[in-house]
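Numbering (this note's numbering), first residue to last: 3 to 75.
And the structure:
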């Protein structure tokens, strides 16, 4: 509720949502759900700390591949 009041989303005249914004929001929710279910299954096989470490480094590798190396310090 607070984020709605903070962003002014209650004012329907000023809201404009692009297709890219909707797609990014849905993709974020889907990737979070996949992570939760994947972590649940993976933690039953091994230690949760190891699973989170592997997931973190995998995500870092993905971000490194998609990063703009010209702007990276």
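From the three backbone atoms N, C-alpha and C, an ideal C-beta is built for every residue, glycine too.
Rounded distance between the beta-carbons of residue j and residue i, thought under 8 Å
{"i": "residue 10", "j": "residue 16", "result": "7 Å"}
{"i": "residue 41", "j": "residue 57", "result": "7 Å"}
{"i": "residue 44", "j": "residue 53", "result": "4 Å"}
{"i": "residue 12", "j": "residue 5", "result": "With 8 Å as the limit, residue 12 and residue 5 do not qualify as a contact, their Cβ atoms being about 11 Å apart."}
Residue range of the unbroken alpha helix (DSSP H) whose run includes residue i
{"i": "residue 12", "result": "No alpha helix (DSSP H) holds residue 12; DSSP gives it neither H nor E."}
{"i": "residue 33", "result": "21-47"}
{"i": "residue 57", "result": "50-68"}
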